[in-house]
Structures are given as C-alpha cells and as structure tokens.
Amino acid sequence: MFVNGTITILYGSQTGNSQDVAERIWRESKRFYFTGSVKPMDEYNIKDLIAEKCVIFVCSTTGQGEEPDNMKMFWKFLLRKNLPLDSLSNLKFAVLGLGDSSYAKFNFAAKRLHKRLLQLGGKVLVNMGLADDQHDLGYDAVVDPWIENLWNEVLKIYPLPSSIEPLPKHMKINPRWSVSTFLKPNSSLRNGSMYYSTRSNKEFFVTIKDNLRTTDGSHFQDVRLIKFQTNGQKYQPGDILVLRPKNRPEQVLEFFKILESNNVFISPDTVFRLSELSPEIPVPPVLRQDITFRQLCEEYFDLSALPRRHSFEILAQLTESDLEREKFYEFTSAQGQNELYNYVNRPRRNVVEVLGDFPYAISNITQEMFFEILTPIKPREFSIASSCIAHENEIHILVAVVKYKTKMVKQRYGLCSNYLADLKPGDTVSVWTKKGCFKFPNDDNTPIIMVGPGTGVAPFRSYILDRAKRGTADSNNLMLIFGCRNKDKDFHCREDFEKLHQQEKLQLVCAFSRDQDEKVYVQHKIKEHAEQVWDLIKERNACVFIAGSSKNMPQQVREAFVSVCQKYGKMSEIEATKYIVDMEKENRYQQETWS
Numbered sequence: 000m001f002v003n004g005t006i007t008i009l010y011g012s013q014t015g016n017s018q019d020v021a022e023r024i025w026r027e028s029k030r031f032y033f034t035g036s037v038k039p040m041d042e043y044n045i046k047d048l049i050a051e052k053c054v055i056f057v058c059s060t061t062g063q064g065e066e067p068d069n070m071k072m073f074w075k076f077l078l079r080k081n082l083p084l085d086s087l088s089n090l091k092f093a094v095l096g097l098g099d100s101s102y103a104k105f106n107f108a109a110k111r112l113h114k115r116l117l118q119l120g121g122k123v124l125v126n127m128g129l130a131d132d133q134h135d136l137g138y139d140a141v142v143d144p145w146i147e148n149l150w151n152e153v154l155k156i157y158p159l160p161s162s163i164e165p166l167p168k169h170m171k172i173n174p175r176w177s178v179s180t181f182l183k184p185n186s187s188l189r190n191g192s193m194y195y196s197t198r199s200n201k202e203f204f205v206t207i208k209d210n211l212r213t214t215d216g217s218h219f220q221d222v223r224l225i226k227f228q229t230n231g232q233k234y235q236p237g238d239i240l241v242l243r244p245k246n247r248p249e250q251v252l253e254f255f256k257i258l259e260s261n262n263v264f265i266s267p268d269t270v271f272r273l274s275e276l277s278p279e280i281p282v283p284p285v286l287r288q289d290i291t292f293r294q295l296c297e298e299y300f301d302l303s304a305l306p307r308r309h310s311f312e313i314l315a316q317l318t319e320s321d322l323e324r325e326k327f328y329e330f331t332s333a334q335g336q337n338e339l340y341n342y343v344n345r346p347r348r349n350v351v352e353v354l355g356d357f358p359y360a361i362s363n364i365t366q367e368m369f370f371e372i373l374t375p376i377k378p379r380e381f382s383i384a385s386s387c388i389a390h391e392n393e394i395h396i397l398v399a400v401v402k403y404k405t406k407m408v409k410q411r412y413g414l415c416s417n418y419l420a421d422l423k424p425g426d427t428v429s430v431w432t433k434k435g436c437f438k439f440p441n442d443d444n445t446p447i448i449m450v451g452p453g454t455g456v457a458p459f460r461s462y463i464l465d466r467a468k469r470g471t472a473d474s475n476n477l478m479l480i481f482g483c484r485n486k487d488k489d490f491h492c493r494e495d496f497e498k499l500h501q502q503e504k505l506q507l508v509c510a511f512s513r514d515q516d517e518k519v520y521v522q523h524k525i526k527e528h529a530e531q532v533w534d535l536i537k538e539r540n541a542c543v544f545i546a547g548s549s550k551n552m553p554q555q556v557r558e559a560f561v562s563v564c565q566k567y568g569k570m571s572e573i574e575a576t577k578y579i580v581d582m583e584k585e586n587r588y589q590q591e592t593w594s
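In terms of numbering that gives the first Met the number 0, the sequence shown opens at residue 0 and continues consecutively.
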C-alpha cells in the first residue's frame, strides 16, 4: 500500500479536548496516506524530535498560562539553555492552541511552544491556530478551517502522485481498538472501580464526612459544602481537588433501555477485553484490563456529554437509512454547523438522547464503535475551600449543583455536581490534589484583595482560614469582596467570614444583588471602595485575586479596577489598562474562572 510520509501528532491535554482534536487530525491524515503516531507529548521520546520532518502540536492552556500536565516534561526539556538553536532545523511544524479568551493569558502555552520551536530552528508549516472556547461554535470555529488549511499546506510538501486520489472525506472509519466480549458470571469485576488497578501514586481515598447545603431551601440554586475525611494528606491554599465522577444510575439504565429497544442486546455483565490494532494509537492503561459493560457505562463513557462531530461521522457509517445518513453528513459539514448547534448545543441534547433519535444507526452499533461514539468521563477539578491546618484531616469543596431546563422534555443534569450531591456520609471517593492557578505571596504582610462571587469564594476561604489559623489574618491586609443574590439565601460559609470580620481579621465587603431594587454586584463594590483599593494597590503593593464564573464577571471586575486606576491614579484609560496588564505580569493580578 502506498505511504505518503510520516506525520507525528503530539498533544498536551488537561481535560481531553486537545486529545480529541489531535486524534481527529490523526484520522484525517489517513485520507492522504500518512503514517505516524498520536500521543501525549510526555509519552513521546523527545530526543527523536531532532530527526522528525513534520510534527503537528495541539495543546491547551491551564491556569495562569501554564502547560497541561501531560506536556510538562516535554516543555521542560525544550527550555534547556544548552539546546543548539539549529536543533530543529529539519523540522516543519504546526501548532494549534485550544484556550479560553476570558483568561488574560489566552492560549499562552501554545504561543510559547510555537515561539520556542521557532527559536530552535523549526519551520512553520501553517500559521498558529488559536481556538477559543468562548465562541458560539466553541473550538470548532477555528479548528475546522485550520485543519483544512493544514492539509492544503502539507500536500504542497508531500503531494500525492497523480495516479492516487485522497480517500473520500466520508471514508470508512476503522475503530482504534479491537474488542472481544464474553460472559464471566459471578465475576469479581462487578465490585470495585475499574480505575482501581491503574490509580497513580498521587491518588488517595477520601470518605464523605458531611454533604451540607449552603443555600436556603427556598433558593433556586442548590450549593453544597462537601467535607471529605482524609488520612492526613497535605495541601496548600489555592490547590485543586481532582476526582472522577460517575454517571447517574438513572442515565445508565436509560442507555441500556435505548440499546435494548433497538435490538442491541448486551448484558451489563458482559466483559470487554480490548487489544491494540495499531501501535500508532495504543489502548489506554485503564482499558488494558477486563471490564464489564456496566463498569464502562457507569465510570468510563460520559453519557451526559454532547456528541462530537466524530460521533456523527461514525453514525453515518453505521446507518442503513439514507435519511439518517444525509442528516449526519449535514452535521459534519461546515455548512451544517448552525443546524448542529440548534440540534445539540442549544438544547444540550446528550449523546444517549441522540442515539435514541436515530434507530437505524444505533441498531448496527458494534462493541468497537462504543469507544468511537462515546467519550470518556473527564476528571473534574474543584478549588479546595478548606485549610490543611485549620481543618485537620479534611478537604472541603464548594459545589453548585447543575440542574436546568431547555426545550428538551427532561431536565438537564450536570454530571459531576449531581454525582457529588448524591454522595452520603461514609461513601468513599478516589481523588488527588494538584497545584491551582493562584500563587499567593509568601509574605503575609502583602495586602490581598480577593474578589469571589458565588462559589468563587472557595479558594479564598482556604487562604483566609489558613491565615487565621497561623495568626497572620488582619483586616488591614485581607479584603474579601463577596457577591451573591441574597444575604439570607446564598451567602456561602457566612459564619466563617462574618466571625473573622467581627474579630477584625478580615475586611468583608458584600454585594447582595437582589436585596434591594437596584442590582449591586462585586464590580460596584470595587468602585465604592475605590480610594482604599487604590491605596492598597499603589502604596502597599497589594495583590488582586479573582475567582468565579467566566461569563461576564471577570471583564466587568477588570473594568472596575481600570476605573479605580483612572480616578485615583489620574490615568487615561489606556494607561490604566496597561497598569493592570503590568500587575498581571508581576503576578499581582490573577484570576481563576470557569464556565
């Protein structure tokens, strides 16, 4: 068989999005007869990079412009000062970044990677792509045209012989792995987590101590302060707790019923055994063991996820209905993205519901194709809301339970928040901790201004209570600007903060947006205390930390700080904006937001 050349595809992915895109590029490379592997950067032998001719990099950015965990070693090696500046002179490369423009350091990891590859002599194959999750169409708004342009440029370097045509765009997609199945009655596989045997040394078990609602029963939003009992594991203010949620039992049952109603009969106790079809894309460690279908549906497949475009490509291949196939092809085309948005994204129609809508496709599903259509459950991250020294042998997190209605008949449920809300005292969960975005100053005399509306207050509770326990909390250098709707309905951890405020260990400034006719938000409180805020920033070199929703809040808070600089620093808007940018460069203005 004709082979055009080798293209290596490397990714740095924190939550799985960059991996999805990298694997899509790998699949599309087969249309043009390329060989080559797709893998995380840290699993690649970086010393082979010097001999590579063409490498595609896909990476996300985490925290304050940091690289994902599975490219840290790769990036550290690239930063070595003793690397010759012509090390990669034979390399043609392309970088695609996946980021979130609500962060100041938007796609920072991708930009730095691109710059460093250039410094080491690499040649740009195609202009860097900077995809933005804030776009209505998400990353695809940039990813789609970027990938199309990529192949145009690649084929200029590796043109196909005139006798060979690219494989069809809707070519048959082969599964990544082979799957054999068998029944193993009374198997021990029915008990315990499928992740148990592949747990890293960072993971540890915690036990639910309390699962407390922090909002009033009459309030529309259910928020929980969940307290985990630990075995003395240490952490610092600003650290993150990571865990893998499970699908709701009701959703697993619904999935089984949809399969059965479409003549797909797989017993939940059926054992799946995966094997490698190609060394280019190995079986992940967690799937290199015998696993029951029930375990896969409870712990591995994300049944709440919105289907990816690749899912529709697979369904188009499976269906025997021309009408279904036509609809799938529309969803996978550039012209059909608005239609796809209205069918999937706007109503938040999950993959199980989509499968139920297309009986001809689902009736032909094979065990291999489950792993192509369904995506793995991604670990979820939560800012730790407790202090290791104030809450001995405990970790706390604040969780907003996500339930909402769309035009769909059934209510929408957030996968992880509802999994956590259902946990009872005594239940155990496997977790691990990692460094978060925030870098709090080492000197406790440095004034801190914290802006944390809603559950954004979580990391600040950790920091404030840690300072209080160490005896360094003082209202002269600790200012918390908290925001919620109503003082008596959703003031999370109210007793903690009010007590410290009364003891003059914390200056507490609250914005209760619905307790008066005129709505008041945290940005209004920043302006209300503008003179003091300016004195803290300018005269006392204060650090500003912002946490919460990534929608409008971060930008409105930023504008409030700019206005403070304008009014009391006697600056123009341009000068004030630059002042905040300079604070960011000095790590004196940091934010951690989420969608």
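Even glycine gets a Cβ: it sits at the ideal position worked out from N, Cα and C.
Segment contact: the region 164-178 against the region 374-393, fewer than three CB-CB distances shorter than 8 angstroms; contact not assigned.
Residue 291 has 270 as its beta-bridge partners, per DSSP. For residue 457, the secondary structure class from DSSP, reduced to helix, strand or coil, is helix. Beta bridge pairing from DSSP links residue 395 with 226. With at least 16 other beta carbons inside 10 angstroms of its own, residue 582 counts as buried. The Cβ atoms of residue 88 and residue 49 do not sit closer than 7 angstroms to each other. Contact between residue 56 and residue 2 does not hold, since the beta-carbon distance rounds to 22 angstroms and is not under 8 angstroms. DSSP places residue 65 within a strand segment (E or B) once states are collapsed to three.
Cβ contact annotation for residue 533 (same chain, cutoff 6 angstroms, sequence separation greater than five): 563, 567, in chain order. Per DSSP, residue 128 is one residue of the beta strand (DSSP E) stretching across 128-131. Ranking 341, 327, 118, 346 by CA distance to the CA of residue 359 puts 327 first.
Pairing residue 394 with residue 430, the inter-Cα distance amounts to about 11 angstroms. For the region 303-343, the continuous alpha helix (DSSP H) assignments of 4+ residues that do not extend past its boundaries occur at 308-317, 321-331, 336-339, in sequence order. Annotation note: the region 73-141 contains the following uninterrupted beta strand (DSSP E) runs of length 3 or greater, listed N- to C-terminal: 91-98, 128-131. Taking a contact as a CB-CB distance under 8 angstroms, the pair residue 178 and residue 271 counts as one, their CB atoms being some 6 angstroms apart. Rounded to whole angstroms, residue 373 and residue 308 show a C-alpha spacing of 11 angstroms.
Closest by C-alpha distance to residue 128, out of 112, 345, 273, is 112. In the three-state scheme derived from DSSP, where H, G and I count as helix and E and B as strand, residue 353 is classed as helix. For residue 564, no beta strand (DSSP E) segment is defined; the enclosing uninterrupted segment is the alpha helix (DSSP H) at 552-568. For residue 353, the closest C-alpha among the options 384, 315, 34 is that of 315. The beta carbon of residue 121 sits closer than 8 angstroms to the beta carbons of 87, 88, 90, 91, 92 from its chain, once the five residues preceding and following it are set aside; these are given in chain order.
The closest CA to that of residue 265, considering only 286, 274, 295, is found on 295.
The three-state secondary structure of residue 210, taken from DSSP, is strand. Excluding its 5 nearest sequence neighbours in each direction, residue 528 has C-beta neighbours in its own chain below 7 angstroms: 508, listed in chain order. Per the Cβ contact rule, the region 488-504 is in contact with the region 466-478 (3 or more Cβ pairs under 8 angstroms).
Counted as a single uninterrupted DSSP element, the beta strand (DSSP E) harbouring residue 450 occupies residues 447-450. In the three-state reduction of the DSSP assignment, residue 403 falls in the strand class. Per the DSSP secondary-structure output, residue 533 pairs with nothing in a beta bridge. Among the bridge pairs identified by DSSP, residue 427 is matched with 206. With 16 or more other Cβ atoms inside 10 Å of its own Cβ, residue 553 counts as buried.
Each residue's CA atom was taken as its position, placing residue 377 and residue 247 some 15 angstroms apart. The C-beta separation of residue 383 from residue 157 comes to about 49 angstroms, leaving the pair out of contact by the 8 angstroms criterion.
Per DSSP, the beta-bridge partners of residue 177 are 274. Judged by DSSP secondary structure, residue 589 falls outside any alpha helix (DSSP H) and instead within the beta strand (DSSP E) spanning 588-593. Between residue 114 and residue 64, the gap from beta carbon to beta carbon reaches 7 angstroms or more.
When secondary structure is reduced to three states using DSSP, residue 576 falls in the helix class.
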